[in-house]
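Under our numbering, the first residue of the sequence shown carries the number 1, and numbering increases by one thereafter. Shown next, in structure tokens, is the structure this report addresses.
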Amino acid sequence: MRDSTRTLATATATLTALILLTGTSLAHADDDDPSAPPDSTTSTPPQEVDSNSPGLKLADGATLAPAKVLDIKSVVEDLGGEERREDTNTDVKFALQAEVLFPKDSPKLNPEANARIKAIAEEAKAQKATNVRVFGFTDDLGSYSHGKKLSRDRAEAVHDKLASYLGPEVTYAVRGYSEDYPIADNGSEEGRKKNRRVEVSFPRGSGSDTGTTPSEGQD
1 MRDSTRTLAT ATATLTALIL LTGTSLAHAD DDDPSAPPDS TTSTPPQEVD SNSPGLKLAD
61 GATLAPAKVL DIKSVVEDLG GEERREDTNT DVKFALQAEV LFPKDSPKLN PEANARIKAI
121 AEEAKAQKAT NVRVFGFTDD LGSYSHGKKL SRDRAEAVHD KLASYLGPEV TYAVRGYSED
181 YPIADNGSEE GRKKNRRVEV SFPRGSGSDT GTTPSEGQD
């Protein structure tokens with residue numbers, strides 16, 4: 001993709017949150033992401049903290065709440081939103097609009113898709129990924145069952161191409177979710193276009209840099 005068209009958005013800080021409770025009830029953000037399917041992220045346990053550590057200063061009667069990991073999300077997207085990369089401290093996820101991969105209402109990859117998928121495969125190799133998730137999604141037009149089949153078939157097509165670039169040691173989770181888990185409002189064509197997508201995600205390798213931009217590469 002064209003570097004000059006990329007925009008970078010960084011959301012929410014990431015660290016192990018330790019809330020000191022002194023009788024006051026503190027609200028926190030809901031962990032559930034309505035746009036993310038189950039098992040679409042890699043979980044990591046929070047760092048344990050010794051409440052008896054002499055360096056930890058607590059007021060009389062105060063206790064530590066359970067440690068909690070909050071994630072940094074770095075998002076890089078091209079100007080048209082055709083390809084988006086999300087990096088967290090645990091995962092790398094690419095979302096490709098269906099229009100850049102497939103003809104309308106078809107699961108057959110177009111020639112322009114190959115370069116984009118190959119670049120994702122190269123990133124998976126760089127991250128030493130051995131588990132890759134490939135999820136397909138549609139908008140809410142047409143029947144749910146048709147969307148279910150189309151989204152699954154498209155995910156399978158992307159999987160097949162990815163597998164041709166990656167080694168036999170890689171295992172895959174391939175699913176189609178139809179109109180479930182929208183990332184935009186289906187009330188407009190702009191929103192529906194964003195929802196027609198295939199997402200490829202995998203765990204980050206140790207010591208990786210979250211600053212890399214997505215690669216180049218059009219339902």
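Note that the Cβ used here is the ideal one computed from N, Cα and C, for glycine as well.
A direct Cα-Cα distance of roughly 15 Å separates P103 from D139.
The alpha-carbon separation between K125 and L166 amounts to approximately 7 Å. By the Cβ test, the segment 158-177 is not in contact with the segment 188-197, since fewer than three Cβ pairs between them sit closer than 8 Å. The secondary-structure analysis by DSSP pairs S201 across a beta bridge with K93, R133. The same chain holds no residue with a CB closer than 7 Å to that of S106 once the five nearest residues on each side in sequence are set aside.
For R197, same chain residues with a beta-carbon under 7 Å away, outside a window of 5 residues either side, are A95, L96, Q97, A98, F137 in chain order. Annotation for G205: Q127, K128 place their beta carbon closer than 6 Å to its own, counting only its chain and skipping 5 residues before and after. The C-beta separation of A36 from Y177 comes to about 11 Å, leaving the pair out of contact by the 8 Å criterion. In the same chain as R84, and ignoring 5 residues on each side of it, the C-beta atoms closer than 6 Å to its own belong to E77, A95, in chain order.
Residue burial is scored here from C-beta neighbours: D87 has at least 16 other C-beta atoms within 10 angstroms and is therefore classed as buried. As the crow flies, the alpha-carbon of G81 is around 15 Å from that of A113.
Counting along the chain, the unbroken alpha helix (DSSP H) around S145 starts and ends at 144-165. Shown here for D160: not one same chain residue has a beta carbon closer than 6 Å to its own, the five before and five after excluded.
DSSP, read as helix, strand or coil, puts K194 in helix. In the displayed model, E189 falls within a helix according to three-state DSSP.
Counted as a single uninterrupted DSSP element, the alpha helix (DSSP H) harbouring A119 occupies residues 113-126. The beta-bridge partner set that DSSP reports for A173 consists of R133. Bridge partners of T138 according to DSSP: none are assigned. Annotated as proximal: V158 and V134, with beta-carbon spacing under 8 Å.
Of V75, N186, I117, I183, the smallest CA-CA separation from R154 is found for I117.
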